[in-house]
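Residue numbering for the sequence shown follows this note's numbering, beginning at 17 and increasing consecutively.
Below is one structure; the comments refer to it alone.
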Amino acid sequence: MQRISVFIGLLWCVLAAQADSLPTVASTNLCADLLLLQIADSKQIISVSRASHNPQLSPLAAAAVRYAPNRGSVEEMLALKPNIALVYSGWMGQHHAELLKNQGIEVIALPYPKNWNDALNTARQLAARLGRGAEIEAKIAALAWRMEALAATPRPPYNVLYLRPNGGTAGAKTYVDDVLQRLGLRNAAAQHSGWGQFPLEQLVQTPPDVLLLGYFEQNQALTNAAYGRHALFQTLLTRLPTIRVAGSAWGCGGLELVEVAERIAAQIDRLAPLKTDN
């Protein structure tokens, strides 16, 4: 028994020493925060952006509030002195990115994912850089398996339209489109590529089988929600099956995509079978 206690004590010492040797990190935007909070050791995180403390924006707000918030400024990064600063890709062409590098702070710009594979690859790469590759691989593999299980479940090919209150939608080559395809669904906006607007007239003339609504839970300015408040759109809401997903749940398209996919799949699987014309 005494030997076991000594062994456990030595193991904790080794793990503590390893954690102390890992690079420290500060993230400067919500999407970087969410990934960092899921893969870093808690001792590595120096600061996260203010946005991640807001439960209306961040699904990990409860975990984020344990860390000091920042506004994403270069001055704050210089004061915090992390080994690594996670930033928007737009930082890399700016002077202050070079300033951080000159002060010994490695700057990593995380790409905005276009699909689930992008999210997994970015997580793996960042975990490896943070010295957490081995620890996080099992978690990533489990998330990948969950998405594969969803994709293996047969579903009617419902025509689904993703919409935001301003009429914004997600076309081909977006993570929304990728999730829909993995679930065996058709994206009603796939004729266009990237993020854009879906004409209300087209929606009324050729409505989808299902509406997938994002950000409708948030209080939007009248000018930003005119589409969602329009009488024609409100009429469609009474006629069409509707799935609502909080914008904060998948606004970054990261590892959290699998949870959103599971929510969508659960609601899709409760719908009546598609009617076919004979």
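Idealized CB from N, CA, C, for every residue including glycine.
- In the pairwise beta carbon analysis, the segment 143–150 is classified as not touching the segment 253–264: fewer than three pairs are separated by under 8 Å.
- In this chain, the alpha helix (DSSP H) harbouring serine 264 covers 263–266.
- Just so you know, the alpha carbons of tryptophan 211 and glutamate 122 end up roughly 31 Å apart.
- Residue state for alanine 188 is assigned as strand, using DSSP reduced to three classes.
- Within the same chain, Thr40, Val41, Ala42 and Ile62 come within 6 Å of proline 98 by CB-CB distance, once the 5 residues on both sides are set aside.
- In the pairwise beta carbon analysis, the segment 41–59 is classified as touching the segment 77–94: at least three pairs are separated by under 8 Å.
- Membership of asparagine 133 in the alpha helix (DSSP H) is indicated by the continuous run 132–145.
- By the Cβ-count criterion, glycine 120 is exposed, with fewer than 16 other Cβ atoms from all chains shown falling within 10 Å of its own Cβ.
- When the alpha-carbon of arginine 255 is set against those of Arg245, Gly230, Pro223 and Asn240, the nearest one is in Pro223.
- By the criterion of a C-beta distance shorter than 6 Å, glutamate 278 is surrounded by no residue of its chain, once the five residues flanking it on both sides are discounted.
- Just so you know, the alpha carbons of tryptophan 132 and valine 195 end up roughly 7 Å apart.
- Comparing C-alpha distances from leucine 102 to each of Leu76, Leu73 and Leu53 shows the shortest one belongs to Leu53.
- Residue state for threonine 258 is assigned as strand, using DSSP reduced to three classes.
- Taking 3 residues as the minimum length, the beta strand (DSSP E) runs contained wholly in the segment 93–123 are 100–103, in order along the chain.
- By the beta-carbon neighbour count (other beta carbons within 10 angstroms, threshold 16), valine 90 is buried.
- Looking from the CA of tyrosine 191, the closest CA among Tyr231, Tyr178 and Gly183 belongs to Tyr178.
- Counting along the chain, tyrosine 243 sits inside the alpha helix (DSSP H) bounded by residues 242–245.
- Contact annotation: valine 274 and leucine 228 have beta-carbon atoms that are not nearer than 7 Å.
- Considering only Leu142, Ala67 and Ala165, the residue with the shortest C-alpha distance to isoleucine 55 is Leu142.
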